[in-house]
Every structure is written in C-alpha cells, then in structure tokens.
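Taken in order, these protein sequences are the chains called A and G.
Going by the working numbering, the first residue of the first sequence is number 3, and it counts up by one from there.
Going by the working numbering, the first residue of the second sequence is number 3, and it counts up by one from there.
Below: one structure, written as structure tokens.
There are 2 protein chains.
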Amino acid sequence: MEQLWAAPTALTVREVHEQLAGTRELAYTTVMTVLDRLAKKKLTERERDGKAWRYRAAAPREELAADLMRDALDRAGDRREALVRFVGQVSDEEAALLREALSRLDSQEQTG
Amino acid sequence: MEQLWAAPTALTVREVHEQLAGTRELAYTTVMTVLDRLAKKKLTERERDGKAWRYRAAAPREELAADLMRDALDRAGDRREALVRFVGQVSDEEAALLREALSRLDSQEQTG
DNA sequence: TAACATCTACTACGAAACGTCGTAGATGGC
DNA sequence: GCCATCTACGACGTTTCGTAGTAGATGTTA
Numbered sequence: 003m004e005q006l007w008a009a010p011t012a013l014t015v016r017e018v019h020e021q022l023a024g025t026r027e028l029a030y031t032t033v034m035t036v037l038d039r040l041a042k043k044k045l046t047e048r049e050r051d052g053k054a055w056r057y058r059a060a061a062p063r064e065e066l067a068a069d070l071m072r073d074a075l076d077r078a079g080d081r082r083e084a085l086v087r088f089v090g091q092v093s094d095e096e097a098a099l100l101r102e103a104l105s106r107l108d109s110q111e112q113t114g
Numbered sequence: 003m004e005q006l007w008a009a010p011t012a013l014t015v016r017e018v019h020e021q022l023a024g025t026r027e028l029a030y031t032t033v034m035t036v037l038d039r040l041a042k043k044k045l046t047e048r049e050r051d052g053k054a055w056r057y058r059a060a061a062p063r064e065e066l067a068a069d070l071m072r073d074a075l076d077r078a079g080d081r082r083e084a085l086v087r088f089v090g091q092v093s094d095e096e097a098a099l100l101r102e103a104l105s106r107l108d109s110q111e112q113t114g
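Encoded structure:
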C-alpha cells in the first residue's frame with residue numbers, strides 16, 4: 003500500500019493508480035482515498051497541479067522507521083534496559099551499522 | 003492499560019482490578035477481558051491458581067520496546083539509512099547508552 | 001456554450017482491533 | 001445445598017483500514 007516511497011517524485015492519483023495496475027486491481031477512487039488518508043496522517047504531502055493533487059511521501063521510509071523506533075523507545079520505561087535488549091536482538095551486521103552511525107554522529111558533533 | 007509491568011509477580015484478575023481501582027473505575031470483567039486478550043496475543047502468560055488464573059507479563063516492557071524497535075527497523079528498506087536517522091534523532095544521553103550497550107555486546111561476544 | 005473527460009469530496013461498508021461491560025455457568029467453601 | 005467467586009463467551013460502540021461508488025466541480029474541445 004505504501005509504494006509511494008518507490009517513486010522518486012510527487013505523483014498524481016492517476017499515476018499511482020497506473021503504476022499499481024500491474025500488481026493489483028484497485029479502483030481509482032481507492033487509491034485516492036488511501037492517498038488522502040495518508041495525507042491526513044501527515045505521511046504524505048500534496049500540492050496542486052492543475053485540478054489534480056500531486057502526492058509525495060512526507061519523509062523517506064527510513065525516516066518513518068526511525069520515528070517508529072523512537073516511539074517504541076519512548077514507551078520503554080527504562081531506556082537503558084530497552085537499548086541493551088535492542089542491541090542484543092540485532093544482527094552482527096546491524097550492530098556494525100549502529101556503531102558506524104554513532105561514530106558518524108561523533109564527527110558531526112565535533113564539526114558542527 | 004498495561005500496568006501489569008508495574009507489578010513484580012503474577013497477579014489474579016482480582017488483584018489487578020483492585021490495584022487499578024484507585025486510578026480508574028473499571029468493571030471486573032473489563033480487566034478480565036483485557037488480560038485474556040493480552041494472553042491471546044502472547045503478551046501475558048497465565049497459570050492456574052485454584053480456580054483463578056494468575057497473569058504475568060510475558061516479557062518486561064523493555065523487551066517489548068526492543069521488539070517494536072526491531073519491527074520498525076525491519077520495515078525500513080535501507081537499514082543503514084534508518085539506523086543513521088534513528089541515531090540522529092536520539093538524545094546525547096541515549097546515544098551514550100547505545101554506545102554502552104554496544105560495548106557490552108563486544109565483551110559478551112569475546113567471553114561467550 | 002454545450003458535451004465530455006477528469007478529478008476531487010464525501011459517503012459507505014465490511015473486517016479487525018480495542019475499550020468497555022453483562023450474562024450464564026462452573027467451581028469451591030461452609 | 002447455598003453463596004461467593006471466577007471464567008467463558010458474547011456484545012456494543014469506536015476507530016482504523018481496504019475497498020469502492022456517487023455527485024459535483026473543473027478543464028477541454030468542438
């Protein structure tokens with residue numbers, strides 16, 4: 003349902019609909035409704051283009067994932083404990099990525 | 003709704019209900035239903051105690067938070083990017099906790 | 001300007017989840 | 001046997017989601 007991230011630019015309902023046509027048989031208005039609801043939830047933004055609306059993801063899906071991770075962490079009670087458990091669940095590869103991200107953060111802080 | 007984590011041990015419906023009585027006016031059966039639904043979702047476990055059931059959280063809330071963080075990460079597409087963004091959102095304190103958790107992971111790997 | 005295509009706004013409907021609760025029946029103590 | 005207690009199951013309103021139809025506005029074109 004959220005293959006809007008796949009597209010590089012803002013799309014009209016029609017474009018999304020056509021793009022989906024290969025995969026799923028959905029009514030034009032279905033796509034419209036979904037896009038509209040996503041906009042109401044601030045997950046997409048829209049701008050006028052003639053009489054049509056052009057939709058674009060409000061944030062890349064990675065940002066959304068990061069937000070969800072934050073939300074989860076915020077509901078944790080003891081954040082240290084939650085982070086320890088999270089790190090414990092993560093694959094070696096992901097742990098490495100995390101370290102990398104953290105050190106990137108370091109240099110950012112020093113520079114800016 | 004999920005103040006079961008607050009309690010140290012397994013509780014009966016009655017106990018949870020009484021414990022909640024100060025904060026919220028809920029029918030006994032409401033508490034029962036909620037506990038039962040949580041059990042169906044494997045968020046609580048229950049064991050017999052006489053004719054009553056005794057419920058306990060299946061995992062500490064920190065574990066649940068960690069699980070949710072994992073889920074979010076899994077839906078990210080580019081996990082590196084998601085982790086970078088997550089780390090970027092996190093407070094300094096949390097970043098420190100993360101580093102700590104990661105180094106704890108290191109020593110664990112060496113030892114066990 | 002009238003006819004037509006296109007697009008939106010609004011409404012709807014079924015399914016699932018959730019918060020809330022009641023009734024009926026099983027169980028156990030006195 | 002009677003009474004309190006506890007569960008099982010069903011129920012109802014609300015929200016979210018996937019799906020779609022209808023009505024009406026707008027732009028195009030002859």
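C-beta atoms are modelled at their ideal positions from N, C-alpha and C, and glycine is treated no differently.
Rounded to the nearest angstrom, how far is the Cβ of residue i from that of residue j, given a contact under 8 Å?
| i | j | result |
| --- | --- | --- |
| residue 22 of chain A | residue 33 of chain A | 7 Å |
| residue 86 of chain G | residue 103 of chain A | 5 Å |
| residue 107 of chain G | residue 89 of chain A | 6 Å |
| residue 74 of chain G | residue 74 of chain A | 6 Å |
Taking only beta-carbon atoms, is residue i less than 8 Å away from chain A?
| i | result |
| --- | --- |
| residue 81 of chain G | yes |
| residue 34 of chain G | no |
| residue 75 of chain G | yes |
| residue 107 of chain G | yes |
| residue 71 of chain G | yes |
| residue 90 of chain G | yes |
| residue 9 of chain G | no |
| residue 99 of chain G | yes |
| residue 26 of chain G | no |
| residue 68 of chain G | yes |
| residue 54 of chain G | no |
Would you decide whether residue i is buried or exposed? Buried here means 16 or more other CB atoms lie within 10 Å of its CB.
| i | result |
| --- | --- |
| residue 97 of chain G | buried |
| residue 81 of chain G | buried |
| residue 54 of chain A | exposed |
| residue 29 of chain A | exposed |
Judging by CA-CA distance, which residue of the options is the nearest neighbour of residue i?
| i | options | result |
| --- | --- | --- |
| residue 42 of chain G | G:71, G:105, G:57 | G:57 |
| residue 1 of chain G | G:71, G:95, G:94, G:93 | Since the first residue shown for chain G is 3 and the last is 114, residue 1 of chain G is missing from the structure and cannot be characterised. |
| residue 65 of chain A | G:77, G:105, G:11, G:52 | G:77 |
| residue 91 of chain G | A:24, A:12, A:67, A:109 | A:67 |
| residue 47 of chain A | A:59, A:39, A:54 | A:59 |
| residue 170 of chain G | G:3, G:38, G:35 | Chain G is shown only over 3 to 114; residue 170 of chain G falls outside these bounds and no answer can be derived. |
| residue 79 of chain G | A:75, A:49, A:63, A:6 | A:63 |
| residue 105 of chain G | A:13, A:9, A:100 | A:100 |
| residue 49 of chain G | G:7, G:20, G:11 | G:11 |
| residue 52 of chain A | A:13, A:110, A:9 | A:13 |
| residue 110 of chain A | G:9, G:7, G:94 | G:94 |
Is there a C-beta anywhere in chain G that falls below 8 Å from the one on residue i?
| i | result |
| --- | --- |
| residue 17 of chain A | no |
| residue 58 of chain A | no |
| residue 6 of chain A | no |
| residue 50 of chain A | no |
| residue 104 of chain A | yes |
| residue 22 of chain A | no |
| residue 85 of chain A | yes |
| residue 63 of chain A | yes |
*Enumerated in chain order, which unbroken segments of the alpha helix (DSSP H) with a length of 4 residues or greater are wholly contained in the stretch 35–112 of chain G?*
63–76, 81–91
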